[in-house]
Amino acid sequence: MLVKRSLLIRRTDAEFLKEPKDFQGKTIVVTPTSSAHIDGDLRYKPVGATIVSSVPSQDEIVSQLLSERIDAFGEGDVSNEYLSGKYLDEHGESYWS
24 MLVKRSLLIR
34 RTDAEFLKEP
44 KDFQGKTIVV
54 TPTSSAHIDG
64 DLRYKPVGAT
74 IVSSVPSQDE
84 IVSQLLSERI
94 DAFGEGDVSN
104 EYLSGKYLDE
114 HGESYWS
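Numbering (my numbering), first residue to last: 24 to 120.
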């Protein structure tokens, strides 16, 4: 089995958030003690990102992303792919990149 980590980000941020250094000053939520948490601490924290290891619920994470209280959700590809297809705008398009 192969699981790839990904960051769920808003489509409007996709052109600005392309590599770790772009996350300086940004907030990334990850599941505590997960590989995404380890990756966040190793890859994004050193460049100035804030890593929050608390996931109240997927609905709450999406709400925080859309209201710009957080900037990304670190999770496996499958989970983030699911979220990007579940939460669509009024035109049926994904909010996510």
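Note that the Cβ used here is the ideal one computed from N, Cα and C, for glycine as well.
Cβ shell of residue i (< 7 Å), same chain only, five flanking positions each side left out
i, result
"Val70", "Pro43, Lys44, Phe46, Gln47"
"Tyr110", "Val85, Tyr118"
"Ser58", "Arg28"
"Asp112", "Tyr118"
Alpha-carbon to alpha-carbon, residue j and residue i
i, j, result
"Thr54", "His114", "30 Å"
"Thr61", "Tyr67", "The question names Thr, but residue 61 is Ile in the sequence shown. Approximately 10 Å, taken between the alpha carbons."
"Pro79", "Gly63", "18 Å"
"Asp36", "Ser76", "22 Å"
"Asp82", "Asn103", "12 Å"
"Val11", "Phe39", "Summary: the structure shown does not reach residue 11, with the chain confined to residues 24 through 120, and so no result is reported for it."
"Thr56", "Leu65", "13 Å"
Beta-carbon proximity of residue i to residue j, cut-off 8 Å
i, j, result
"Glu91", "Ser29", "no"
"Ser120", "Gly108", "no"
Cβ distance (whole Å) where residue i is taken to contact residue j below 8 Å
i, j, result
"Ile93", "Ile74", "Contact flag wrong, Cβ pair sits at about 11 Å."
"Arg33", "Leu88", "6 Å"
"Ala72", "Lys49", "5 Å"
Residues near residue i by beta carbon distance below 6 Å, same chain, minus five either side
i, result
"Phe96", "Leu31, Val52, Ile84"
Where the alpha helix (DSSP H) through residue i begins and ends
i, result
"Ile32", "Counting along the chain, Ile32 falls outside any alpha helix (DSSP H), and DSSP gives it neither H nor E."
"Glu98", "Not the alpha helix (DSSP H): Glu98 falls in the beta strand (DSSP E), residues 95 to 99."
Span of the beta strand (DSSP E) around residue i
i, result
"Val52", "50 to 53"
"Val85", "First-last for Val85: 81 to 89, but that is the alpha helix (DSSP H), not the beta strand (DSSP E)."
"Thr73", "73 to 75"
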